[in-house]
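Colleague:
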Amino acid sequence: MAISTSSSTSASSSSTTSPPSISTTTSPSRYENQKRRDWNTFGQYLRNHRPPLSLSRCSGANVLEFLRYLDQFGKTKVHTQICPFYGHPNPPAPCPCPLRQAWGSLDALIGRLRAAFEENGGKPEANPFGARAVRLYLREVRDVQAKARGISYEKKKRKRPPQPPPPPPPSNATTSDL
Ligand SMILES: [Zn+2]
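For what it's worth, my numbering labels the leading residue of the sequence shown as 3, then goes sequentially.
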């Protein structure tokens with residue numbers, strides 16, 4: 003197993019992928035506009051949902067569905083573990099791995115929707131965007147994307163990948179994360 007030894011010098015230089023993190027230091031009105039647009043997008047998603055979903059019945063699970071739905075519009079290549087470019091921030095050739103929403107975009111999006119929910123009369127304790135499942139999902143996306151692209155956002159942590167890797171994992175009791 004090649005654990006990439008290059009850790010620094012990973013940012014910038016790719017034109018087609020989004021930066022790993024999106025600064026929230028844009029002007030307030032831009033943020034407000036973006037938030038309104040995100041909120042409308044989510045409302046539309048709820049209306050088109052089968053069966054129809056009302057905001058008041060919306061749960062963290064529905065938010066996760068929404069995030070996965072958004073992946074089809076993603077522009078960030080996320081290599082699978084069998085891809086030869088797994089762990090390469092700038093692969094030299096195309097590969098059939100899927101495009102996804104970058105973790106930074108999702109994280110920022112959830113932050114905006116979470117605020118919008120409460121601004122639109124939602125109760126903080128019922129905020130589906132603040133659900134634990136959503137936080138865990140975002141953490142997992144970050145982890146998977148960091149590994150797939152050879153970017154380290156923080157110290158390595160053991161997380162369950164979507165598909166189990168070939169070698170058996172060390173017997174560490176799977177944590178109570180769910
Ligand atoms: Zn790939």
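C-beta: ideal position from N, C-alpha, C; glycine also.
Source: prediction; values computed, not measured.
Answer yes or no: the CB of His81 versus the heavy atoms of ligand 3, is any distance below 7 Å?
Modeller: Judged by which ligands are present, ligand 3 is missing from the structure shown, whose ligands are ligand 1.
Colleague: Is Phe131 near ligand 1, judged by its Cβ being under 7 Å from some heavy atom?
Modeller: For ligand 1, not one heavy atom lies less than 7 Å from the Cβ of Phe131.
Colleague: Look at the alpha carbon of Asn237 and the alpha carbon of Arg102, and state the distance between them as a whole number of angstroms.
Modeller: The shown model of the chain, from 3 to 180, leaves out residue 237, and the question about it has no answer.
Colleague: In three-state terms, what does DSSP make of Lys79?
Modeller: Lys79 falls in the strand class under three-state DSSP.
Colleague: Between Phe131 and Arg144, which are expected to be in contact by the criterion C-beta below 8 Å, what is the C-beta distance as a whole number of angstroms?
Modeller: Between Arg144 and Phe131 the Cβ distance is about 17 Å, and since that is not below 8 Å, they are no contact.
Colleague: Taking the alpha helix (DSSP H) that Ile112 belongs to, which residues open and close that run?
Modeller: Looking at the DSSP string, the run of the alpha helix (DSSP H) that includes Ile112 is Trp105 to Glu121.
Colleague: Here's the rule: buried if 16 or more other CB atoms are within 10 angstroms of the residue's CB, otherwise exposed. What is Lys79?
Modeller: Result: buried.
Colleague: I want to check one thing, is the minimum distance from the CB of Cys99 to the heavy atoms of ligand 1 below 7 Å?
Modeller: Checking every heavy atom of ligand 1 against the Cβ of Cys99, one is found closer than 7 Å.
Colleague: At the 8 Å Cβ level, is Arg144 part of the contact set with chain C, yes or no?
Modeller: Among the chains of the structure shown, chain C does not appear; only one protein chain is present.
Colleague: If you run the structure through DSSP and keep just helix, strand and coil, what is Leu55?
Modeller: Here Leu55 sits in coil by DSSP.
Colleague: Does the stretch 136–153 come close enough to the stretch 88–103 that 3 or more CB-CB pairs lie under 8 Å?
Modeller: Yes: at least three Cβ pairs fall under 8 Å.
Colleague: Could you give the distance in angstroms between the alpha-carbon of Lys157 and the alpha-carbon of Gly113?
Modeller: Confidence at Lys157 is low in this model, with a pLDDT of 47, below 50, so the placement of that residue should be treated as unreliable; the coordinate-derived value is given next. Roughly 23 Å between the two C-alpha positions.
Colleague: Could you give the DSSP three-state label for Arg151: helix, strand or coil?
Modeller: In this structure, Arg151 counts as coil in the three-state DSSP scheme.
Colleague: For Cys1 versus Leu48, is the C-beta distance shorter than 8 Å?
Modeller: For residue 1 there is no data in the structure shown, the boundaries of the chain being 3 and 180.
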